[in-house]
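Accompanying notes for the structure given below.
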Amino acid sequence: MVGPRGFTTPSVEFDPLVGGSYRIAMQPPDGDLFYLSGEFREVNSPARLAYTFRWDPPDPDDRETVVTLALKDLGEATELVFAQGTFATEERRALHEQGWRDGLDRLEEFFA
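Numbering (this note's numbering), first residue to last: 19 to 130.
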């Protein structure tokens, strides 16, 4: 359920504490396995999460970014405010945006 449509997540390592790390293996439909990883900078359950995001191994065309998720209870629903940056290029930003849109759409479908 993590990642763009068609992707699977064969493994997830996750230590959600400030200073803790994560590593996620993702596999697109063409079968080429790749990894992303980072460290948790802020863990304020259930309202806020901030962590670094980098490709593992590092992609020379990209740079480490910071992802921030803020959640707000609206009673029957939850509002998510998402931010990620700063990107090396506009093209990299657009690729990340599409991936997150697909992944968040999948999450919404899961909870529908």
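For each residue, glycine too, the CB sits at the ideal point set by N, CA and C.
Endpoints, beta strand (DSSP E) assigned at residue i
i: R110; result: Counting along the chain, R110 falls outside any beta strand (DSSP E), though it belongs to the alpha helix (DSSP H) covering E108 to F129.
i: A65; result: Run containing A65: none; DSSP gives neither H nor E here.
Coarse secondary structure for residue i, derived from DSSP in three states
i: D80; result: coil
i: E135; result: Residue 135 cannot be examined here, being either before or after the span of the chain that is shown, 19 to 130.
i: P46; result: coil
i: D74; result: strand
i: L54; result: strand
Integer Cβ distance of residue i from residue j, believed to fall under 8 Å
i: T27; j: M44; result: 6 Å
i: L54; j: I42; result: 5 Å
i: L67; j: E60; result: 7 Å
i: D33; j: Y40; result: 7 Å
i: W118; j: F100; result: 7 Å
i: G121; j: G37; result: Incorrect: roughly 25 Å between the Cβ atoms, too far for contact.
Identity of the residues DSSP links to residue i by a beta bridge
i: E36; result: The question names Glu, yet the displayed sequence has Val at residue 36. Answer by DSSP bridge pairing: none, since V36 is not bridged.
i: R23; result: Answer is none; R23 lacks a bridge partner.
i: T86; result: A68 and A101
### Three or more C-beta pairs below 8 Å linking the region 73 to 83 and the region 91 to 101
no
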